[in-house]
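Student:
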Amino acid sequence: MQLTLCDFPVKEAFWGKETKYESGRLEIDKEELLSSFLRDDRIARADLDLVRPGESVRIINACDVVEPRFKVAGSGRVFPGVLGAVEKVGEGRTHRLSGFAVVGSVESHGLTKKGRSAHRSGLIDMSGPGAKISPFGSTINLVVVITLRSGLTELEANSAVQGAQLGIAERLAQATVTQNPHCEELLELTPVDSSLPRIVLVQGYTLQESAPHTDVAFYGIPVRETLATLVHPNEFFDGALTAVALEGMGRHATTWLWQNHPLVRELYRRHGKEVSFAGCILQRLTHGTHQEKEVNAINTSGVAKLAGANGAVLTWAVSGNSFMDIMMTVGECEKRGIKSVFVTYEHGGKDGTELPLLYFVPEADAIVSVGSAERWLELPPVKRVVGPSQTIRTLTFMGPTHPGWPAADRLQLDGPDYIVGGVDLFGGGRLTCRSY
12 MQLTLCDFPV
22 KEAFWGKETK
32 YESGRLEIDK
42 EELLSSFLRD
52 DRIARADLDL
62 VRPGESVRII
72 NACDVVEPRF
82 KVAGSGRVFP
92 GVLGAVEKVG
102 EGRTHRLSGF
112 AVVGSVESHG
122 LTKKGRSAHR
132 SGLIDMSGPG
142 AKISPFGSTI
152 NLVVVITLRS
162 GLTELEANSA
172 VQGAQLGIAE
182 RLAQATVTQN
192 PHCEELLELT
202 PVDSSLPRIV
212 LVQGYTLQES
222 APHTDVAFYG
232 IPVRETLATL
242 VHPNEFFDGA
252 LTAVALEGMG
262 RHATTWLWQN
272 HPLVRELYRR
282 HGKEVSFAGC
292 ILQRLTHGTH
302 QEKEVNAINT
312 SGVAKLAGAN
322 GAVLTWAVSG
332 NSFMDIMMTV
342 GECEKRGIKS
352 VFVTYEHGGK
362 DGTELPLLYF
372 VPEADAIVSV
382 GSAERWLELP
392 PVKRVVGPSQ
402 TIRTLTFMGP
412 THPGWPAADR
422 LQLDGPDYIV
432 GGVDLFGGGR
442 LTCRSY
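Counting in my numbering, the sequence shown runs from 12 upward without gaps.
#1: List the endpoints of the continuous beta strand (DSSP E) containing Thr15.
#2: Anyone know if the C-beta pair for Lys350 and Glu374 falls short of 8 Å?
#3: Under DSSP, the beta strand (DSSP E) around Ala112 begins and ends at which residues?
#4: Counting only the same chain and skipping the five closest in sequence on each side, list residues whose C-beta sits under 7 Å from that of Gly27.
#5: Since Val324 is in the beta strand (DSSP E), which residue starts that stretch and which ends it?
#6: What are the complete beta strand (DSSP E) segments, minimum 3 residues, inside the region 168-231?
#7: If Leu212 sits next to Leu274, beta carbons under 8 Å apart, how far is it from one beta carbon to the other, in whole angstroms?
#8: Applying the criterion that 16 or more other CB atoms from any shown protein chain within 10 Å of the CB defines a buried residue, is Lys143 buried or exposed?
#9: Quick one: what does DSSP say Asn310 is sitting in, helix, strand or coil?
#10: In whole angstroms, what is the alpha-carbon distance linking Ala315 and Pro140?
#11: Closest by CA to Glu199, which one among Phe248, Gln190, Val188, Ser205?
#12: Nearest-angstrom Cα distance between Val434 and Ala384?
#13: Counting C-beta neighbours from all protein chains within 10 Å, is the total for Ile337 16 or more, i.e. buried, or is it exposed?
#14: Roughly how many angstroms separate the alpha carbons of Gly261 and Ala328, rounded to a whole number?
#15: By a C-beta neighbour count over all protein chains shown, 10 Å radius and 16 as the cutoff for buried, is Cys194 buried or exposed?
#16: At the level of alpha carbons, what is the spacing between Thr407 and Ile135?
#17: Relative to the alpha-carbon of Thr225, which residue among Ser132, Pro391, Val255 has its alpha-carbon at the smallest distance?
#18: If contacts are defined as beta-carbon pairs under 8 Å, then Asn72 and Glu118 qualify, I think. What distance do you get, rounded to the angstrom?
#19: If you drop the 5 nearest sequence neighbours on each side, which residues of the same chain put their C-beta closer than 7 Å to that of Val396?
#20: Report the partner residues of His36 according to the DSSP bridge assignment.
#21: Short of 6 Å in beta carbon distance, which residues of its chain neighbour Gly259, apart from the five on each side in sequence? Order them along the chain.
#22: I'd like the span of the beta strand (DSSP E) that includes Glu357, first residue to last.
#23: State the CB to CB distance for the pair Cys344 and Ser312, rounded to an integer number of angstroms; the pair is presumed to be in contact (CB under 8 Å).
#24: Among Ile210, Lys361, Gly95, which has the Cα closest to the Cα of Leu317?
#25: With a threshold of 16 other CB atoms inside 10 Å of the CB of Gly157, please say whether the residue is buried or exposed.
#26: Could you give the DSSP three-state label for Pro91: helix, strand or coil?
#27: Give the straight-line distance between the Cα atoms of Pro79 and Leu424, rounded to the nearest whole angstrom.
#28: Is it right to say Arg404 is buried, meaning 16 or more other beta carbons lie within 10 angstroms of its own, or is it exposed?
#29: Between Leu388 and the rest of its own chain, which residues show a CB-CB distance below 6 Å, the 5 nearest in sequence each way excluded?
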C-alpha cells in the first residue's frame, strides 16, 4: 500500500463568503457548514466559532478533536464507515490541513446519567498552562458547538455529533484539491535490508463494556469482542480509526491522535534506516477475568510472531484494568523472543513520589515514560468561553444535578485528565527527562 500524505499548513483562518484555501490562509463559509452539516433533527442548537493560539479563550464541553483530511485519489473516503461506504483506505493521495483542528463542544442529555458510560467532556485552554500541555492549545480550532435534543440514545447522539464533525473536517480539507501542497510524504512499507530489526506497534485500546459505544471504532464499527488485529499503518492516516464523539478527557485518544499517531509516524521515519516496520496490531484491553487477559496476551504476542517481528513497541490508554492486559502482553512478547519497549504515562500521585505503575511483570525491562497523569493543575481565568453554556457541569466528578461553576473563573484541577489532550498517551509531547 502506498499513500501520499500532502500537507497544507494553516497559518490563518477567518470567516468569509466561500470556503477556500490559499497560501496558508483558510477562508470558511460559516453558513455553508451550518446548512450542510448541522441541520439534523437530533440537534437542537448548533453554532461555529473560531479560536486561535494565545487568545484568552476556554473551550468547554470539549469532546473529540479531528484534523481535516480529504482523499484526492485512491479508494474510499476519509473516515470510512462513518462518512461513506466501508472501503479499504490507506492508498492513493490524501490532503491534510496541518495546524488546524475541528473540535466538538457538546451538551448531551443522553439516557445514561452517571457511571463510566455517561457523557464526559473536558476543557481546552488557548493560553496559559493549560494550552502548554495539550496539542490543541497550539492549533487554530474551529469549534462545533452542539446542543443535542433530549431523549436520544447514546448511539443516536454519537452518530449526530460525529457525522457533523467529520463531515465539516472533510469539507474544509476539500478546499485544497486544486492547490499544490507545501510538502508531501510518501508512506509505504517498502522491502528493506533483512538484517534490520523487524518491529510491530502493539496499540492497546480500552473497552467500556457497559457503554453502547466503545472508545474507538474501526471503519465505523465500535470495536468490542475481538482478538488482536493486524492493520496497515496507512489506515491510521485516512481515518480508519475514530474516537467516540461524546468523550473528551485527557486519557482518551481523540480522532486527531489516531490520525497523527506519533509512534506510527516515528516508526515510518526509521523504516529502512534503523528498523523494518512490520505493521500495527490493534489489541482490545479491559478483560474481566485473569484467564481472558492471559489469552489476550498470548494471542497478541502470537500475531506479532506471525508478522515476523523480533521487536515490539507497545502502548495503551485509560484504565488500571487495561494496564494489566498490556503489561501481560509485554511479558508474553518477551517470552517469545520479541524484544519489547513499553510506552506509558505514569501515575505516581500528586507529587510524583508514589508508585508510577499500576501493575508489573519482571520481563518489562524497557519502559519509556511520557509524563504524569495525576499532577495538580491550576488554570487562570479567561476572557471568553466557547461552548453550549458559560457553566462547567460535565467534568467526571460532577453528578447530573451538580450546579457547576462559572467556566471563565480560575480552575483548580486535580489532574491533566480534565484537559482534552492533557495526558501524553503515545509520546507526542515535548517532555524530556533529566537525571540530577
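For every residue, glycine included, the Cβ atom is placed at its ideal position computed from N, Cα and C. Because the structure is a prediction, the values reported are computed rather than measured.
Tutor: Taking the definition as stated:
#1: Mapped onto the sequence shown, residue 15 falls at position 4. Its beta strand (DSSP E) spans residues 13-18.
#2: The sequence position of residue 350 within the sequence shown is 339, counting from 1. The sequence position of residue 374 within the sequence shown is 363, counting from 1. Contact flag unset, no.
#3: Along the sequence shown, read from residue 1 onward, the residue named residue 112 stands at position 101. Taken as a continuous stretch (DSSP letters only), the beta strand (DSSP E) holding Ala112 covers 111-118.
#4: As a first step, residue 27 must be located in the sequence shown, where it is residue number 16. The answer, listed in chain order, is Glu38, Ile39, Asp40.
#5: Indexing the sequence shown from 1 puts residue 324 at position 313. Run containing Val324: 322-326, per the beta strand (DSSP E) assignment.
#6: 194-199, 209-216, 227-229
#7: As a working mapping, residue 212 is identified with position 201 in the sequence shown. As a working mapping, residue 274 is identified with position 263 in the sequence shown. Contact flag correct, Cβ pair sits at about 6 Å.
#8: Locating residue 143 in the sequence shown gives position 132, counting from the first residue. The residue is exposed, with fewer than 16 neighbouring Cβ atoms inside 10 Å.
#9: Numbered from 1 along the sequence shown, position 299 holds the residue referred to as residue 310. DSSP places Asn310 in helix when its eight states are reduced to three.
#10: Here residue 315 corresponds to residue number 304 of the sequence shown, with the count starting at 1. Here residue 140 corresponds to residue number 129 of the sequence shown, with the count starting at 1. Each residue's Cα considered, the two are about 40 Å apart.
#11: The residue you call residue 199 lines up with position 188 of the sequence shown. With distances taken between Cα atoms, Glu199 lies closest to Phe248.
#12: On the sequence shown, residue 434 is found 423 positions in, with the first residue counted as 1. On the sequence shown, residue 384 is found 373 positions in, with the first residue counted as 1. So the alpha carbons of these two residues sit roughly 6 Å apart.
#13: As a first step, residue 337 must be located in the sequence shown, where it is residue number 326. Classification for Ile337: buried.
#14: Within the sequence shown, the letter at position 250 stands for residue 261. Within the sequence shown, the letter at position 317 stands for residue 328. In a straight line, the C-alpha of Gly261 is about 10 Å away from that of Ala328.
#15: Here residue 194 is taken as the residue at index 183 of the sequence shown, counted from 1. Its Cβ having fewer than 16 others within 10 Å, Cys194 is exposed.
#16: Within the sequence shown, the letter at position 396 stands for residue 407. Within the sequence shown, the letter at position 124 stands for residue 135. For Thr407, the predicted model reports a pLDDT of 48, less than 50, meaning its position is unreliable and no value from the coordinates is stated.
#17: Here residue 225 refers to the residue found at position 214 of the sequence shown. The shortest Cα separation from Thr225 among Ser132, Pro391, Val255 belongs to Val255.
#18: Taking the first residue of the sequence shown as position 1, residue 72 is located at position 61. Taking the first residue of the sequence shown as position 1, residue 118 is located at position 107. At roughly 6 Å, the Cβ-Cβ gap stays under 8 Å, so Asn72 and Glu118 are in contact.
#19: Against the sequence shown, residue 396 aligns to sequence position 385. Around Val396: Arg69, Ile71, Ala418, Ala419.
#20: In the sequence shown, counting from the first residue as 1, residue 36 sits at position 25. The identity of residue 36 in the sequence shown is Arg, whereas the question assumes His. Answer by DSSP bridge pairing, in chain order: Glu23, Glu33.
#21: Taking the first residue of the sequence shown as position 1, residue 259 is located at position 248. Closer than 6 Å at the Cβ level, and outside the excluded window around Gly259, lie Ala73, Cys74, Ser132, Gly133, Val431.
#22: Translated into the one-based positions of the sequence shown, residue 357 becomes position 346. Segment 350-357, the beta strand (DSSP E) holding Glu357.
#23: Locating residue 344 in the sequence shown gives position 333, counting from the first residue. Locating residue 312 in the sequence shown gives position 301, counting from the first residue. So it is a contact: roughly 5 Å between Cβ atoms.
#24: Translated into the one-based positions of the sequence shown, residue 317 becomes position 306. Among Ile210, Lys361, Gly95, the Cα nearest to that of Leu317 is on Ile210.
#25: Residue mapping note: residue 157 aligns to position 146 of the sequence shown, counting from 1. The sequence shown places Ile at residue 157, not Gly. Result: buried.
#26: Translated into positions along the sequence shown, residue 91 becomes position 80. Three-state result, Pro91: strand.
#27: For the purposes of this step, residue 79 is taken as the residue at position 68 of the sequence shown. For the purposes of this step, residue 424 is taken as the residue at position 413 of the sequence shown. Cα to Cα, the separation comes out at about 30 Å.
#28: Residue 404 sits at position 393 when you count from the first residue of the sequence shown. Arg404 comes out buried.
#29: Here residue 388 corresponds to residue number 377 of the sequence shown, with the count starting at 1. For Leu388, where only same-chain residues beyond five positions count, the Cβ hits under 6 Å are Leu424, Pro427.
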